[in-house]
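Here our numbering is used: the first residue of the sequence shown is 583, the next is one more, and so on.
Ideal Cβ positions, reconstructed from N, Cα and C, are used throughout, including at glycine.
Keep in mind the model is a prediction, meaning the values are calculated, not measured.
This report refers to the structure that appears directly beneath it.
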Amino acid sequence: MPLDFDQLSAIFALTFGFLIPAACRFIAPLKKFLDNKFPILPLLFGLLFPVNYLIQKTLMRVLPIFPALFQHPNMRFPQAVYEVREHNYAMLLMASAVLYILLKLDLGNEKPVS
């Protein structure tokens, strides 16, 4: 396979969390088409996905230059950086599910029980 699971998960997270919300923000027919078929996150929340990716890429360049910043007895720094990125993606995806559910709940229009 040309892509490993790590790359596929990054592509999925960036597409779901940032690219789709950005496209829906600027392409109204796409938003109208996906609105009731697919969870579309707010774009400001979606910015956290590429920020996570950029932090990982920055750490991969900075840590070899300053090895004293990373001191772990058993884990090499590339593996640790990938683990942190994956954990952040998992937390962002979980938070996006909770955020989407909260945004879709219609708490203001509850009917009183008679």
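Which complete alpha helix (DSSP H) runs does the stretch 627 to 652 hold, if anything under 4 residues is left out? Uninterrupted alpha helix (DSSP H) stretches at least 4 residues long and entirely within the stretch 627 to 652 occur at 630 to 647, given in chain order.
Using C-beta distances below 8 Å, list every residue in its chain close to F652, excluding the 5 sequence neighbours before and after it, in chain order. Hits under 8 Å: L645, F659 and A662.
Mind reading off the beta-carbon distance from L612 to A605? Whole number of angstroms is fine, and I expect it under 8 Å. Rounded, the Cβ-Cβ distance is 6 Å, consistent with contact.
Using alpha carbons as the reference points, say which of L585, P584, F594 and D586 lies closest to Y671. F594
When the Cβ atoms of the stretch 676 to 687 are set against those of the stretch 637 to 644, are three or more pairs found closer than 8 Å? no
In terms of alpha-carbon separation, which member of H669, F587, L616 and P603 lies closest to L625? P603
To the nearest angstrom, how far is it from the Cα of Q638 to the Cα of P621? 26 Å
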